[in-house]
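S.K.: Numbered according to my numbering, the sequence shown spans residues 16 to 182.
Quick reminder that beta carbons are idealized off the backbone N, C-alpha and C, glycines included.
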Amino acid sequence: MSNQLPVIGVIGGHNASTGNLDLAYEVGQHIAARGAVLACGGLDGIMEAASRGAFENGGTVLGILPGSSKGDANPYVTIAIPTSLGISRNMQVVNASDVIIAFPGAYGTLSEIALALASDKTVICFPGTWDIKRIGIVDLAKFKEAFDARMAIGFALDAIRVATSRL
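So this is what it looks like as structure tokens:
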């Protein structure tokens, strides 16, 4: 059995509704309460709201930044990793995460969803997130829709348990 903490990636847009920001905060709270690490792009919007939820509840937040400065991280990131990779850092967010929770966002969010699914990782989406089921065939065991924070974290932890049981 590995002594590694589970890492739950949270992705989503810079511009988000108040409802989605509140939901992201709650997701961050649940990640911290479960002793998991929250990984994200480390910037504002959904990333900052989830980071704040985890941080304010004693959690660890890993921010994988697109630029070259740790100072670019939102104030709730506890471990900032500058990459100088721009949007290509999205692959590093996916690589660092055991599972992804996706909120509505733009093309960066879409790329992270696609990279996660191509990497055989589970993606849990909230309503309004990219509907990739309309684009092509999706393994529904790896692509789930959640309607609240508890449901999303439950799906995430179940996916991590299944993945680690295969090791």
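1) Tell me residue 97's beta-bridge partners as DSSP assigns them.
2) Rounded to the nearest angstrom, how far is the Cβ of residue 95 from that of residue 57, given a contact under 8 Å?
3) Here's the rule I'm using: 16 or more other beta-carbon atoms within 10 Å means buried, otherwise exposed. How should residue 133 be labelled?
4) By the 10 Å Cβ neighbour count, where 16 or more other Cβ atoms means buried, how is residue 71 classified, buried or exposed?
5) I need the straight-line Cα distance from residue 140 to residue 166, nearest angstrom please.
6) Which whole-angstrom value describes the C-beta separation of residue 131 and residue 115, a residue pair presumed to lie in contact below a C-beta threshold of 8 Å?
7) Where are the beta strand (DSSP E) runs, 3 residues long or more, that stay fully inside the segment 91-147, in chain order?
8) Just the C-alpha distance for residue 87 and residue 181, rounded to the nearest angstrom, thanks.
M.R.: Short version:
1) 80
2) 6 Å
3) exposed
4) exposed
5) 11 Å
6) 5 Å
7) 94-97, 114-117 and 138-140
8) 37 Å
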